Amino acid sequence: LREAIVLPITHKEKFKNIGIRPPKGCLMFGPPGTGKTMMARACAGQTKATFLKLAGSNLVQMYIGDGPKMVRDAFALAKEKAPTIIFIDEIDAIGTKRFDND
4 LREAIVLPIT
14 HKEKFKNIGI
24 RPPKGCLMFG
34 PPGTGKTMMA
44 RACAGQTKAT
54 FLKLAGSNLV
64 QMYIGDGPKM
74 VRDAFALAKE
84 KAPTIIFIDE
94 IDAIGTKRFD
104 ND
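According to my numbering, the residues represented by the sequence shown are 4 to 105, in order.
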């Protein structure tokens with residue numbers, strides 16, 4: 004997390020000086036209760052970044068277009084409040100099957 008999140012925010016110029024593009028994010032995975040959210044919040048605290056937490060289950064809405072609009076709004080807010088860490092909890096809910104054709 005230090006290399007993927009903290010350093011690109013706190014030492015952006017070092018990446019630029021050596022000619023590499025800093026990472027834009029990372030994927031944390033694991034069973035519930037292992038500290039993923041806490042680690043993301045700690046990264047935000049260490050970098051003084053705004054922390055936005057989205058729930059993947061809320062992004063899969065009943066009405067078409069609601070989920071994508073929520074994502075667009077979150078990224079617009081993140082840009083406004085930069086630097087920002089966007090944490091999407093339960094992202095696996097986005098890719099699950101919503102309707103059964105049987």
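Ideal Cβ positions, reconstructed from N, Cα and C, are used throughout, including at glycine.
Only a predicted model underlies this, so the values are computations on that prediction, with no experimental measurement involved.
In whole angstroms, what separates the C-alpha of residue 19 from that of residue 66?
43 Å
With H, G and I counted as helix, E and B as strand and the rest as coil, what does DSSP make of residue 89?
strand
Using the C-alpha atoms, what's the distance from residue 15 back to residue 4?
15 Å
In the structure shown, what three-state DSSP assignment does residue 55 receive?
Three-state DSSP puts residue 55 in a strand.
Tell me whether the beta-carbon of residue 83 lies closer than 8 Å to the beta-carbon of residue 58.
No, these two residues do not count as a Cβ contact at 8 Å.
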